[in-house]
């Protein structure tokens, strides 16, 4: 797997890479941060371009608070 | 020259602006932040909670934090490097815009902690120069003018009231509160609805609560929340200058003469007034006084006692939680539990005072509430399995879905006295400056061991309720880590000019025309959130200033 691109790996190989990274302190914190940004994109207001048609919210039977933002702050 | 210049527009400053402007005096309010109104507020979790849009970026303005260690040393943290954030809301109305509005009065014994409970070794406990009876009319005034909803129920530590009940009926609650009430009954605890600074119906030219499901940390789009802005500043003609950061008060040997401030672009301006009122929040008010030293006050303005910044207090206690799971509930109960929007709103004050080993202790308050509805932190709690390994992929997706759709967390918060000590105080740093070039505040932190013991005692009582309710994963944590939104002290009021900064009317002993009307005046804090008491005291100080200005006018 050395020198190959992550996205070209098979699902099993990806799991293996993640498991080995997660064993290191820096790796764990890297993965945690990636997941944190991922969930921000997936569950933040759709105005920021993620959470397409509220798919993330619908999956979790969650409705965003009202009123919703009319413009992106960030 | 204006009659009154107020530094800060939050719960400490807004009642003064409201009372004096409505009495016909000229009032200028200097506010460091911007103005937002109902139409600006929304429930954008990313902006409000994850990118802190209402507080200054820490790389521009920060604190230095010195945490006391058991071996007598302090560990120094740079606020920007550590991300330790003590800002609460820089905006017109201050953090009262963002509060949850759990409103409890202090109780008569809170005003005389030393006489009732005695000295505590290592703590600077004193009686207030003010009694509950003197403050009571102002608590009542806040109920009516700011708007407090609730229902008075008789219980062991119910404080005396001049009116029978709250002027506004309680907010709607979730069906699960019925289970809670039953559980408390079984345990012999007194059920008490939590009073809230939220209008339950249209009143005071404001809308009643919309039950948006997102209250604490967010600005209120309905105007139901009793922020200093919605309830007071929007209802008076006080002139509010925004983006005005006051960095120095100038004085001669008797009087404050000018408040100097920087605009957003660093341009220097000043305001002259007959009377100055400082209400920048406890830490920042002490910082401003210390940064305003001059030839008459070489140790800081109003600081001939050396007491400015001393005896900083927070609220001690902590929090805990338990989880309702669908497996233990009927279909009907599941639906009731998941109903969004409506509140939980239950408190316990059965142990506001308690005895242990024959000694009487001051206890505190427990509030029960649903876990905050913000979805991102709730989901992020699931990324570790029970052994502490990171999860991803299908397993993570499965766990998240189950937890979010078939369970709900009930949390509790414990509020007890953060005892004032010599080791917990505000100073200013000799080298580190903010973006304006002004020395930053240093927060020296220490929690008295008794705070933890009392917190622990209360948390165990709250846990019993969660157990009785059949909750799972019950857990709690009582810590000496300070809640940055519950801060007071630093400019104690008292009779003795040698041991206090302010007199009974919150006027500086050293100066004829300087008042401090935020939580700085409090020598001890009570075992409740501070906001109601800050409002009430500020209305009291407003009456003092009003009378003084009327006398000088006639």
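Chains as they are written, first to last, in the working numbering: chain A, -7 to 66; chain B, 91 to 644. Just so you know, even glycine gets a beta-carbon here, dropped at the ideal spot from N, CA and C. What you are looking at is a predicted structure, and each value in this text was computed from that prediction instead of being measured.
Presumed contact (8 Å Cβ cut-off) between residue 504(B) and residue 454(B), rounded CB distance: Taking the second chain and counting its residues from 1, one reaches residue 504(B) at position 414. Taking the second chain and counting its residues from 1, one reaches residue 454(B) at position 364. Between residue 454(B) and residue 504(B) the Cβ distance is about 6 Å, and since that is below 8 Å, they are a contact.
Would you say residue 145(B) reaches chain A, if we count a Cβ-Cβ gap shorter than 8 Å as a contact? Working through the second chain from its first residue, we reach residue 145(B) at position 55. Taking Cβ atoms only, chain A never reaches closer than 8 Å to residue 145(B), which makes this a no.
Apart from the five residues just before and just after residue 561(B), which ones in its own chain have a Cβ nearer than 7 Å to its Cβ? By one-based count along the second chain, residue 561(B) stands at place 471. Answer for residue 561(B): 412, 413, 414 and 500, listed in chain order.
Going along chain B in order, which residues have a C-beta closer than 7 Å to the C-beta of residue 31(A)? Translated into positions along the first chain, residue 31(A) becomes position 39. Chain B residues near residue 31(A): 466, 469 and 470.
By the 10 Å Cβ neighbour count, where 16 or more other Cβ atoms means buried, how is residue 523(B) classified, buried or exposed? For the purposes of this step, residue 523(B) is taken as the residue at position 433 of the second chain. So residue 523(B) counts as exposed.
Per-residue burial, residue -4(A) [other beta carbons within 10 Å of its own, 16 or more giving buried]: One-based indexing of the first chain puts residue -4(A) at position 4. Exposed, since its Cβ has fewer than 16 Cβ neighbours within 10 Å.
Looking at the secondary structure, which residues open and close the beta strand (DSSP E) in which residue 545(B) lies? Reading the second chain from its first residue, position 455 is the one you call residue 545(B). Where residue 545(B) is concerned, there is no enclosing beta strand (DSSP E), although the alpha helix (DSSP H) it sits in stretches over 539 to 558.
Counting only beta-carbon atoms, is residue 60(A) nearer than 8 Å to chain B? By 1-based counting over the first chain, the position of residue 60(A) is 68. Closer than 8 Å to some Cβ of chain B, the Cβ of residue 60(A) qualifies, so yes.
Please tell me whether residue 2(A) has its Cβ less than 8 Å away from any Cβ of chain B. To locate residue 2(A), count along the first chain from 1; it is residue 10. With 8 Å as the cut-off, residue 2(A) does not count as an interface residue toward chain B.
Quick one: complete beta strand (DSSP E) runs, 3+ long, within the region 575 to 638 of chain B? Within the region 575 to 638 of chain B, the complete beta strand (DSSP E) runs of at least 3 residues are 578 to 580 and 604 to 606.
Is residue 259(B) buried or exposed, if buried means 16 or more other CB atoms sit within 10 Å of its CB? For the purposes of this step, residue 259(B) is taken as the residue at position 169 of the second chain. Per the 10 Å Cβ criterion, exposed.
Within a Cβ cutoff of 6 Å, which residues of the same chain sit near residue 496(B), ignoring the five residues on either side of it in sequence? In the second chain, the residue the question calls residue 496(B) occupies position 406. 416.
Helix, strand or coil for residue 437(B)? Go by DSSP, reduced to three states. Within the second chain, numbered from 1, the residue matching residue 437(B) stands at position 347. In the structure shown, residue 437(B) sits in a strand (DSSP, three-state: E or B).
Tell me the DSSP bridge mates of residue 283(B)? Residue mapping note: residue 283(B) aligns to position 193 of the second chain, counting from 1. DSSP, once it has assigned bridges, lists 436(B) as partnering residue 283(B).
List, in order along the chain, the chain A residues whose C-beta lies closer than 9 Å to that of residue 473(B)? The count along the second chain starts at 1 and reaches residue 473(B) at position 383. Those are 23, 24, 27, 28 and 31, listed as they occur along chain A.
Compute the Euclidean distance between the alpha carbons of residue 186(B) and residue 573(B), then round it to the nearest angstrom. As a first step, residue 186(B) is located in the second chain; it is residue number 96 there, counting from the start. As a first step, residue 573(B) is located in the second chain; it is residue number 483 there, counting from the start. The straight-line gap from Cα to Cα measures roughly 15 Å.
Going by the DSSP bridge assignment, what does residue 167(B) pair with across the sheet? What you label residue 167(B) is simply residue 77 of the second chain in a count that begins at 1. DSSP, once it has assigned bridges, lists 155(B) as partnering residue 167(B).
The region 189 to 207 of chain B in contact with the region 280 to 289 of chain B per 3-pair CB rule at 8 Å: Taking 8 Å as the limit for Cβ pairs, the verdict is that the region 280 to 289 of chain B does touch the region 189 to 207 of chain B.
For residue 44(A), which of helix, strand or coil comes out of DSSP? In the first chain, residue 44(A) corresponds to position 52, counting from 1. Here residue 44(A) sits in helix by DSSP.
With DSSP as the reference, label residue 192(B) as helix, strand or coil. Indexing the second chain from 1 puts residue 192(B) at position 102. Of the three classes helix, strand and coil, the one that applies to residue 192(B) here is strand, per DSSP.
With a cut-off of 8 Å on the beta carbons, I'd call residue 133(B) and residue 304(B) a contact; round off their distance for me. Residue mapping note: residue 133(B) aligns to position 43 of the second chain, counting from 1. Residue mapping note: residue 304(B) aligns to position 214 of the second chain, counting from 1. That belief holds up - the Cβ atoms of residue 133(B) and residue 304(B) are roughly 4 Å apart, short of 8 Å.
Using a cut-off of 9 Å between C-beta atoms, extract the partners of residue 133(B) located in chain A. Position 43 of the second chain, counted from the first residue, corresponds to residue 133(B). Those are 37, 56, 57, 58, 59, 60 and 61, listed as they occur along chain A.
Give the straight-line distance between the Cα atoms of residue 292(B) and residue 239(B), rounded to the nearest whole angstrom. In the second chain, the residue the question calls residue 292(B) occupies position 202. In the second chain, the residue the question calls residue 239(B) occupies position 149. In a straight line, the C-alpha of residue 292(B) is about 12 Å away from that of residue 239(B).
Just checking my contact of residue 620(B) with residue 632(B) at CB under 8 Å: how many whole Å lie between their CB atoms? Along the second chain, read from residue 1 onward, the residue named residue 620(B) stands at position 530. Along the second chain, read from residue 1 onward, the residue named residue 632(B) stands at position 542. That belief does not hold up - the Cβ atoms of residue 620(B) and residue 632(B) are roughly 18 Å apart, past 8 Å.
What does residue 434(B) touch in chain A if you count any residue whose Cβ is under 7 Å from its own? The count along the second chain starts at 1 and reaches residue 434(B) at position 344. In chain order: nothing, as chain A lies at least about 17 Å away.
Pull up the CB-CB distance for residue 604(B) and residue 369(B), whole angstroms please, since I reckon it's below 8 Å. As a working note, residue 604(B) is residue 514 in the second chain. As a working note, residue 369(B) is residue 279 in the second chain. Not really, about 12 Å apart at Cβ, beyond 8 Å.
Pairs of beta-carbons, one from the region 266 to 281 of chain B and one from the region 425 to 435 of chain B, closer than 8 Å: are there three or more? yes
DSSP three-state call for residue 349(B): helix, strand or coil? On the second chain, position 259 is the one that residue 349(B) refers to. Here residue 349(B) sits in strand by DSSP.
Residue-level contact to chain A via CB, residue 190(B), 8 Å cutoff: Within the second chain, residue 190(B) is the residue found at index 100, counting from 1. No, its Cβ sits nowhere closer than 8 Å to a Cβ of chain A.
Using beta-carbon positions only, say whether residue 617(B) and residue 506(B) come within less than 8 Å of one another. If you number the second chain from 1, residue 617(B) lands on position 527. If you number the second chain from 1, residue 506(B) lands on position 416. Yes.
Assuming contact is defined by CB atoms lying nearer than 8 Å, are residue 65(A) and residue 189(B) in contact in what I supplied? The residue given as residue 65(A) occupies position 73 in the first chain. The residue given as residue 189(B) occupies position 99 in the second chain. The answer is no: Cβ separation not under 8 Å.
Are the region 567 to 587 of chain B and the region 470 to 482 of chain B touching, with three or more C-beta to C-beta distances below 8 Å? No, the region 567 to 587 of chain B is not in contact with the region 470 to 482 of chain B.
DSSP on residue 299(B), reduced to helix/strand/coil? Position 209 of the second chain, counted from the first residue, corresponds to residue 299(B). Of the three classes helix, strand and coil, the one that applies to residue 299(B) here is coil, per DSSP.
Within a Cβ cutoff of 7 Å, which residues of the same chain sit near residue 219(B), ignoring the five residues on either side of it in sequence? Against the second chain, residue 219(B) aligns to sequence position 129. If we look at residue 219(B) and ignore the five residues flanking it on each side, its Cβ neighbours are 583, 584, 585 and 594.
Below 8 Å, can you find three or more Cβ-Cβ pairs linking the region 147 to 162 of chain B to the region 519 to 537 of chain B? A contact between stretches requires three or more CB pairs, one per stretch, nearer than 8 Å, and the region 147 to 162 of chain B meets this requirement with the region 519 to 537 of chain B.
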